[in-house]
Amino acid sequence: MIIALAMAAFAGATALPASSGSALLDCITSQVAIKFDSEGGIFSGMSQSGTLLVVRNISTSACRMPALPMLHFEDAAHHLLSIVRQVPKGMHPGPVLLPVSIAPGAEATAELHWVSGDVYDGHNCVSPTTAVVQVGTDTYRQPFSNQFCSAVNTPATFTQAWLKTDAVVTPSDGRPAVAK
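The numbering of the sequence shown is our numbering, which starts it at 70 and goes up by one.
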């Protein structure tokens, strides 16, 4: 079990060239572009919804992000909404997740899933306008318009997979590109 968790944690790691002994630094907001991609609705159906959290390194230096970046949601007035990440069963306090290295031009993605249909008594649904992602000591705000629903007097929840990096390929002209 421990070996499987360790292998899963390393599955998203990107191989980076050896450095000159300097440690890889945490990403900062000026190094990354963050967006959400519904992948054409592939996550939606049966009162469920979801999206990909996409973190692209737009800088010329590799950086690292936490495997489970902190994420919260706000309304139009930037008030924090009662939407929380669901802790996976059996993961208290959870495995040690190493930061994910993101090479220049590469992307790391994580799937998010939640209940979007008003299927509970009490009609307890919230619709954020902004997602806030923690990037190092700073925050990155991105428009976000989805509905989260939960039972009355219960915060809405979402599940979040670990960030995994996409492979980086170098075309014949030497410019980095992200494999799709």
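Heads up, the beta-carbon is just placed ideally off N, CA and C, and yes, glycines get one too.
Distance check for residue j and residue i, CA to CA, integer angstroms please.
i	j	result
R133	D190	42 Å
P168	V202	15 Å
S185	G114	9 Å
T129	R210	22 Å
D155	P138	In the sequence as presented, Asp is not what sits at residue 155; that position holds Gln. Going by the C-alpha atoms only, they are around 13 Å apart.
Q216	L181	13 Å
W231	H192	30 Å
T198	P212	6 Å
A172	V101	11 Å
R125	D235	10 Å
P224	S151	5 Å
V153	F112	19 Å
G109	V221	30 Å
Q117	S196	14 Å
T228	F105	15 Å
S170	A136	9 Å
D187	I103	28 Å
A177	I127	12 Å
A200	S107	14 Å
Could you give the DSSP three-state label for residue i: helix, strand or coil?
i	result
Q155	coil
S170	strand
G119	strand
T98	helix
G114	strand
G90	Residue placement at G90 is poorly supported in this model, since its pLDDT is 47, which falls under 50; the coordinates still yield a value, given next. In the structure shown, G90 sits in coil (DSSP, three-state: anything other than H, G, I, E or B).
Which residue comes first and which comes last in the beta strand (DSSP E) that contains residue i?
i	result
H141	140-143
E176	176-184
S219	217-219
V188	Segment: none, V188 is in no beta strand (DSSP E) and carries neither H nor E.
T228	225-229
N193	193-195
T199	199-204
T129	Run containing T129: none; DSSP gives neither H nor E here.
P135	Counting along the chain, P135 falls outside any beta strand (DSSP E), and DSSP gives it neither H nor E.
For my contact list, residue i and residue j are in at a C-beta cut-off of 8 Å; report their separation, rounded to the angstrom.
i	j	result
V204	T98	5 Å
L122	A179	5 Å
Flag residue i as yes when its Cβ comes closer than 7 Å to any non-hydrogen atom of the ligand FAD, and as no otherwise.
i	result
S214	Ligands are entirely absent from the displayed structure, and the ligand FAD is therefore not among its contents.
Checklist entry - Okay, do the region 90-100 and the region 140-154 touch, 3+ Cβ pairs below 8 Å being the bar? => result no
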